[in-house]
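Taking it in order: structure first as structure tokens, then the write-up.
Number of protein chains: 2
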Amino acid sequence: MNRKKRVTIYDIAQKLNVTASTVSRALSSNGYVNEATKQLVLKTATELNYKRNTLASNLRMGQTKTIGVVVPRINQNFFANVIAGIEDITYQRGYNLIICQSDEQHDKEVKCVTTLINQRVDCIVISVSADSYNYDHLQNVIDQGIQLIQFDRVADDLETLKVINDNEQAAFEAISHLIEQGYRQIALLEGPQNLNIFRQRKTGYLRALQKFNIPVNKAFIVENAWTKELGAEATRKLLRLAVAPDAIFASTSDFSALGVLEVANDLHIKVPSQLGICGYSNEAFTAITSPSITTIDQFSVDMGKAVANLYFDELEQTMASVVPKTISIKPELIIRGSTLK
Amino acid sequence: MNRKKRVTIYDIAQKLNVTASTVSRALSSNGYVNEATKQLVLKTATELNYKRNTLASNLRMGQTKTIGVVVPRINQNFFANVIAGIEDITYQRGYNLIICQSDEQHDKEVKCVTTLINQRVDCIVISVSADSYNYDHLQNVIDQGIQLIQFDRVADDLETLKVINDNEQAAFEAISHLIEQGYRQIALLEGPQNLNIFRQRKTGYLRALQKFNIPVNKAFIVENAWTKELGAEATRKLLRLAVAPDAIFASTSDFSALGVLEVANDLHIKVPSQLGICGYSNEAFTAITSPSITTIDQFSVDMGKAVANLYFDELEQTMASVVPKTISIKPELIIRGSTLK
DNA sequence: CTGAAAGCGCTTACAG
DNA sequence: CTGAAAGCGCTTACAG
């Protein structure tokens, strides 16, 4: 380690013939310090290019002003946006962010959480991975007295602060819209049902069909059509059915919806007249396909901000044990060419 | 702070009637410890749900195993991918990442860097903001004895480790391709020239024209057409020229190229026959527009991995002062419909 | 208003 | 193989 010797409060103290206590008080504006001394300390600190050692400070103070974030994938649009939103708020408050990605693997997620606990972060913000099979590691966070906020993909049973999208309502509105446009044979591409978000979207789908008295056709519900490729594959199968769907709700993602669109184009099936398509997430590309794709905007940056604000709001009531609380953000159906007959 | 008292090595020591020294040695597998004692310590540690306090450990050890990353925007595809790449490698090495975004603002960038210095990160990885006007803060990093790696947008003069794309060559190849396709009136949408990447792309553009003996038309070079809107605006102006371009190289980004394409479509100008379009970055959407857009892939995830690997490789030669070194990644021209006559 | 002292939780040379 | 002690760089009650 070619680490150079760094200047500490002792260096400043020595130079000014005072003690470290005084320097510390001057630098942190904590406790009484003679104004003249204070100015002198401040001046000397910049002269010597002093940088407070946050490590030592944190260790002493028992808090790190750091929030740990665990997401399945950093470079997935939705999560990147949530992180940006969190950063926006936490930065203003002088907090740092430690970011980890679980790569959708439960084991890696557990390791990430452990690391964050070891780092003594003040709060852990998490959206669980797709193959999560238990939540002991999250319980552990709570047991360690670290704040825990879940967002988007949450473990329902765990009583924590949560920020979610109203997925059920969004799906309900999407399907209602399809029905109003005259579609009747509506297929659902669903995601892993161990994730709350996909369960909820399915519920919204079923609720809408029920409301409009449209029978559920099990052949129309395709499991795990998450990617573009899987969406395309599912579409090919669906379109081969004796009674083929006249609309497909890719509840997993816009990528999946894109797969649907590409297959439709390949087969010269006209969208939206012969086949309606609705995606989920409002990825940038949905606006520029032809036709453009109807989708659902999740307000991801706002979601991140809500997460961060929740932390700061709940922290104010510092001593009190945290009351579980869920903030639900209402997504918005963005109606575009792919469903407008 | 409802922080609970956490279990420390002293708690374990007390329970086992040994000292903290022994516990520490057992936990870190450092120095001699009786195998039986060691197992006992390990067992007790898990029983008590002990988590090492990384803060204290780092303070004592003088390193944090943490890398700070500063990017203009976390939720920009390119940067999100680079971060994911960095994370992939650093995670394997047990390193943490602290992420900051400068929001393209020099002042915020300076603050981010200061925070990271205070955090005593072992290394700072940065891609500078668009309005950077000096690099004192980066010099400061070096002065503090912290490793500095620049990537993509770098301060050329600063002698540090760098990972860059060969922007000039990429632009050169893109323009050469356009010329080979028969385009002769090639316009350039350029980005802020204080950023090296945009200077280099311009150089590549000029070099290609020169090679093929095509005179430079100053009216064809449009400053600062960075976004979709600005790209569109620039295109409208360019197409109104007495001698209008027959191809546009949106060297700033694919978003800009998308703006070009949309204007062309609006004006019923045929792409690629009447107008060729080339973007930069290989954003996902470029593959699915119609026509699809020729662009340049930067291998962003690989770039992130290269950054991280560079850190670990140079660290091995620990004591030696770091020799400035630049790794150049060769981007790849992705030829698509928008330039294939 | 300032100083002396203890302590945050760890690690590690030094004895034994 | 284990313990006693010092120290990483701060902060803060307690005296004065």
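As given, the protein sequences belong to chains A and B, one line each in that order.
Quick note on the UniProt record's numbering: the first sequence kicks off at 1 and runs consecutively.
Quick note on the UniProt record's numbering: the second sequence kicks off at 1 and runs consecutively.
By construction, the Cβ of each residue, glycine as well, lies at the ideal position given by its N, Cα and C atoms.
Exercise. Candidates E314/B, L239/B, F172/B and I86/B: which alpha carbon is nearest T326/B's?
Worked result: For the purposes of this step, residue 326/B is taken as the residue at position 326 of the second sequence. Check the Cα spacing between T326/B and each of E314/B, L239/B, F172/B and I86/B: the tightest is with E314/B.
Problem set entry | Helix, strand or coil at Q185/A according to DSSP, with G and I counted as helix | Locating residue 185/A in the first sequence gives position 185, where the first residue counts as 1. In the structure shown, the three-state DSSP call for Q185/A is coil.
For this session: Could you tell me whether the Cβ atoms of C112/A and C123/A are closer together than 7 Å?
Result: The sequence position of residue 112/A within the first sequence is 112, counting from 1. The sequence position of residue 123/A within the first sequence is 123, counting from 1. Taking 7 Å as the Cβ cut-off, C112/A and C123/A do not qualify as a contacting pair.
Problem set entry | Contacting residues, own chain, Cβ-Cβ under 6 Å from N96/A (five flanking each side not counted) | Here residue 96/A refers to the residue found at position 96 when the first sequence is read from its first residue. Only residues of its own chain outside the window of five on either side were considered, and among them T66 have a CB closer than 6 Å to the CB of N96/A, listed in chain order.
Exercise. Among R52/A, L258/A, T54/A and I12/A, which one has its Cα closest to the Cα of T37/A?
Worked result: For the purposes of this step, residue 37/A is taken as residue 37 along the first sequence, with counting starting at 1. Checked all of R52/A, L258/A, T54/A and I12/A; the closest Cα to T37/A is I12/A.
Problem set entry | alpha helix (DSSP H) runs wholly inside the UniProt domain "HTH lacI-type" (7-61) of chain A, at least 4 long, in chain order | Secondary structure within the UniProt domain "HTH lacI-type" (7-61) of chain A: the alpha helix (DSSP H) runs of 4 or more consecutive residues, fully enclosed, are 9-16, 20-28, 35-47 and 54-61 (chain order).
Problem set entry | K330/A beta carbon less than 7 Å from that of D156/A | Counting from one through the first sequence, the residue named residue 156/A turns up at place 156. Counting from one through the first sequence, the residue named residue 330/A turns up at place 330. No. Outside cutoff.
Exercise. From this set, N213/A, A232/A and S292/A, which residue's C-alpha is nearest D266/A's C-alpha?
Worked result: Sequence index remark: in the first sequence, residue 266/A carries index 266 (1-based). Of N213/A, A232/A and S292/A, the residue nearest in Cα terms is A232/A.
Exercise. If you scan the stretch 256-337 of chain B from start to end, which runs of the beta strand (DSSP E) of 3 or more residues do you find wholly inside it?
Worked result: The DSSP assignment places complete beta strand (DSSP E) segments of no fewer than 3 residues inside the stretch 256-337 of chain B at 276-278, 295-297, 325-329 and 332-334, in order along the chain.
Exercise. Name the DSSP beta bridge partners of C100/A, please?
Worked result: Here residue 100/A is taken as the residue at index 100 of the first sequence, counted from 1. DSSP output for C100/A lists V70/A as bridge partner(s).
Problem set entry | Bridge-paired residues (DSSP) for N165/B | The residue you call residue 165/B lines up with position 165 of the second sequence. Answer by DSSP bridge pairing, in chain order: I329/B.
For this session: Check each candidate in I9/A, T54/A and Q298/A and name the one with the smallest Cα separation from L40/A.
Result: For the purposes of this step, residue 40/A is taken as the residue at position 40 of the first sequence. When each option's Cα is compared against that of L40/A, the closest is I9/A.
Exercise. Which residue or residues does DSSP assign as beta-bridge partners of A130/A?
Worked result: Position 130 of the first sequence, counted from the first residue, corresponds to residue 130/A. A130/A pairs with nothing; no bridge assigned.
For this session: List the whole-angstrom C-beta distance separating F249/A from A187/A, where the pair is believed to meet the contact cut-off of C-beta under 8 Å.
Result: As a working note, residue 249/A is residue 249 in the first sequence. As a working note, residue 187/A is residue 187 in the first sequence. Indeed they touch by this definition, with Cβ atoms about 7 Å apart.
Exercise. Can you list the residues of chain B that F249/A reaches, using a CB-CB cut of under 8 Å?
Worked result: In the first sequence, the residue the question calls residue 249/A occupies position 249. Against chain B, a Cβ distance below 8 Å from F249/A picks out nothing, because the smallest value is about 20 Å.
For this session: Under 7 Å between beta-carbons, which chain A residues line up against T289/B? List them in chain order, please.
Result: Taking the first residue of the second sequence as 1, we reach residue 289/B at position 289. Residues of chain A with a Cβ closer than 7 Å to the Cβ of T289/B are, in chain order, I288.
Exercise. A242/B lies in the beta strand (DSSP E); which residues open and close that run?
Worked result: The sequence position of residue 242/B within the second sequence is 242, counting from 1. No beta strand (DSSP E) contains A242/B, which DSSP labels as neither H nor E.
For this session: Please name the residue or residues paired with A247/B in a DSSP beta bridge.
Result: One-based indexing of the second sequence puts residue 247/B at position 247. The bridge partners DSSP lists for A247/B are I186/B and G276/B.
Exercise. If you run the structure through DSSP and keep just helix, strand and coil, what is V216/A?
Worked result: As a first step, residue 216/A is located in the first sequence; it is residue number 216 there, counting from the start. Under the three-state reduction of DSSP, V216/A is assigned to coil, being neither helix nor strand.
Exercise. Which class does D158/B belong to by DSSP, given the choice of helix, strand or coil?
Worked result: What you label residue 158/B is simply residue 158 of the second sequence in a count that begins at 1. For clarity, residue 158/B is Leu in the given sequence; the question names Asp instead. Coil at L158/B, not helix or strand.
Exercise. What are the boundary residues of the alpha helix (DSSP H) that I83/B is part of?
Worked result: Here residue 83/B refers to the residue found at position 83 when the second sequence is read from its first residue. Taken as a continuous stretch (DSSP letters only), the alpha helix (DSSP H) holding I83/B covers N77 to Q92.
Problem set entry | Length of the line joining the Cα atoms of N30/B and M61/B | Stepping through the second sequence from its first residue, residue 30/B is reached at position 30. Stepping through the second sequence from its first residue, residue 61/B is reached at position 61. Cα-Cα distance, rounded: 13 Å.
Problem set entry | DSSP three-state assignment for V110/A, whether helix, strand or coil | As a working mapping, residue 110/A is identified with position 110 in the first sequence. For V110/A, the three-state secondary structure derived from DSSP is helix.
Exercise. Taking 6 Å as the line, does the beta carbon of T44/B fall inside it for any heavy atom of the ligand NAD?
Worked result: The ligand NAD is not part of this structure, which contains no ligands at all.
Problem set entry | Residues near R184/B in its chain [Cβ-Cβ closer than 7 Å; skip 5 each side] | What you label residue 184/B is simply residue 184 of the second sequence in a count that begins at 1. For R184/B, where only same-chain residues beyond five positions count, the Cβ hits under 7 Å are I214 and D246.
Exercise. Beta carbon of L55/B, beta carbon of L16/A: below 7 Å?
Worked result: What you label residue 55/B is simply residue 55 of the second sequence in a count that begins at 1. What you label residue 16/A is simply residue 16 of the first sequence in a count that begins at 1. Between L55/B and L16/A, the CB-CB gap reaches or exceeds 7 Å.
For this session: Measure the CB-CB distance between N194/A and N81/B and report whether it falls below 7 Å.
Result: On the first sequence, residue 194/A is found 194 positions in, with the first residue counted as 1. On the second sequence, residue 81/B is found 81 positions in, with the first residue counted as 1. No, the Cβ-Cβ distance between N194/A and N81/B is not below 7 Å.
Exercise. How long is the line joining the alpha carbons of E332/A and I296/A, rounded to whole angstroms?
Worked result: Taking the first sequence and counting its residues from 1, one reaches residue 332/A at position 332. Taking the first sequence and counting its residues from 1, one reaches residue 296/A at position 296. So the alpha carbons of these two residues sit roughly 5 Å apart.
Exercise. Counting only beta-carbon atoms, is I117/B nearer than 7 Å to chain A?
Worked result: Position 117 of the second sequence, counting from 1, holds the residue named residue 117/B. Put simply, the CB of I117/B is near chain A, with a gap under 7 Å to one of its CB atoms.
Problem set entry | Residue environment, V69/A, which counts as buried when at least 16 other CB atoms sit within 10 Å | As a working note, residue 69/A is residue 69 in the first sequence. Buried.
For this session: List the DSSP bridge partners of L138/B.
Result: Within the second sequence, the letter at position 138 stands for residue 138/B. Note: L138/B sits in no beta bridge, so no partner.
Problem set entry | the stretch 275-286 of chain A / the stretch 214-228 of chain A touching (three or more Cβ pairs under 8 Å) | Output reads no: the stretch 214-228 of chain A does not touch the stretch 275-286 of chain A.
For this session: Kindly say whether E233/B, judged by its beta-carbon, lies nearer than 7 Å to any beta-carbon of chain A.
Result: Along the second sequence, one-based indexing puts residue 233/B at 233. For E233/B, the answer is no, since every Cβ of chain A falls outside 7 Å of its Cβ.
Problem set entry | 8 Å contact criterion, which R93/B and S127/B should meet: CB distance rounded | As a working note, residue 93/B is residue 93 in the second sequence. As a working note, residue 127/B is residue 127 in the second sequence. With 8 Å as the limit, R93/B and S127/B do not qualify as a contact, their Cβ atoms being about 21 Å apart.
For this session: Return the bridge partner residues of Q147/A from the DSSP annotation.
Result: On the first sequence, residue 147/A is found 147 positions in, with the first residue counted as 1. DSSP lists C123/A as partners of Q147/A.
Exercise. Is the Cβ of K51/B closer than 7 Å to any Cβ of chain A?
Worked result: One-based indexing of the second sequence puts residue 51/B at position 51. Taking Cβ atoms only, chain A reaches closer than 7 Å to K51/B, which makes this a yes.
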